[in-house]
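Notes follow once the structure below has been shown.
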Amino acid sequence: MDIRSSFEALDKKITSYGGLAGGGITRLLYTKEWSNAVHGLRESLNEKGFDTRFDSVGNLIGRIEGSKYPEEIIMSGSHIDTVVEGGHLDGQFGVLAATVAMESLKATHGQPLRSLEILALAEEEGSRFPFAFWGSKNFFNLAEKSEVESIADAEGVKFEDAMHQAGFRLSNG
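According to the working numbering, the sequence shown is numbered sequentially starting from 1190.
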């Protein structure tokens, strides 16, 4: 496996969702660009042999099941959203690096003894809505629905409406 080529191909694909002519990226939570990126990443993970799933708020988890200790998990990742005109690798570097590292480990050493998981958090930046770390707070059950019920973006789109349009729904109370 050529690590550089694998990284560059995945980077090119994910950057195409929200990539700007000047080299930056704008990929705000629950927008078309964000949705295309996270679904494009899921497609790539599936092609690389990961089992994938979304949680209720849009965090993407990719998993390679461990052969001996599947309940023990080694996890890495980052967020997939960006600030407006964010840097080319902002956030997505951690997701891409984790993907290529885990892909390389499996190619070199075979099925891992412990499960490997990639976490592409839905949101960290708080760029579209005035609420940061939505993805990680939900992943660890630290967010409440009431915290976002009255939040809207600069265009007046309510947080929950944007989430529903992207195909996700809050499951906690």
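Just so you know, even glycine gets a beta-carbon here, dropped at the ideal spot from N, CA and C.
What you are looking at is a predicted structure, and each value in this text was computed from that prediction instead of being measured.
| request: For M1190, name the three-state secondary structure that DSSP assigns. | output: Residue state for M1190 is assigned as coil, using DSSP reduced to three classes.
| task | Quick one: grab the DSSP three-state call for R1358. | result | R1358 falls in the coil class under three-state DSSP.
| message | According to DSSP, is K1347 part of a helix, a strand, or is it coil? | response | Shown here, K1347 sits in a strand according to DSSP, grouped into three states.
| field | Ranges of the alpha helix (DSSP H) found wholly within the segment 1266 to 1331, counting only runs of at least 4 | value | Entirely contained in the segment 1266 to 1331, the alpha helix (DSSP H) runs reaching 4 residues are, in chain order, 1281 to 1298 and 1323 to 1328.
| Excluding sequence positions up to five away, which residues of its chain have a Cβ less than 7 Å from the Cβ of K1326? | Closer than 7 Å at Cβ, skipping near neighbours: A1332.
| query | Going along the chain, which residues of its own chain have a beta-carbon closer than 6 Å to the beta-carbon of V1246, five neighbours each way excluded? | reply | Within the same chain, Cβ atoms closer than 6 Å to the Cβ of V1246 are found at A1311, N1327 and F1357, the five residues on either side in sequence being excluded.
| Between the beta-carbon of F1322 and the beta-carbon of F1348, is there less than 7 Å? | No, these two residues do not count as a Cβ contact at 7 Å.
| query | Nearest CA to the CA of F1275: which residue from A1343, M1190, A1351 and G1212? | reply | According to the sequence provided, residue 1275 is Gly. The question's Phe does not apply to it. Nearest option by C-alpha distance: G1212.
| Residues of its chain near R1231, where Cβ-Cβ distance is below 7 Å and the 5 sequence neighbours each way are ignored | The residues are T1241 and L1249.
| In or out: K1201 buried (at least 16 other Cβ within 10 Å) or exposed? | The residue is exposed, with fewer than 16 neighbouring Cβ atoms inside 10 Å.
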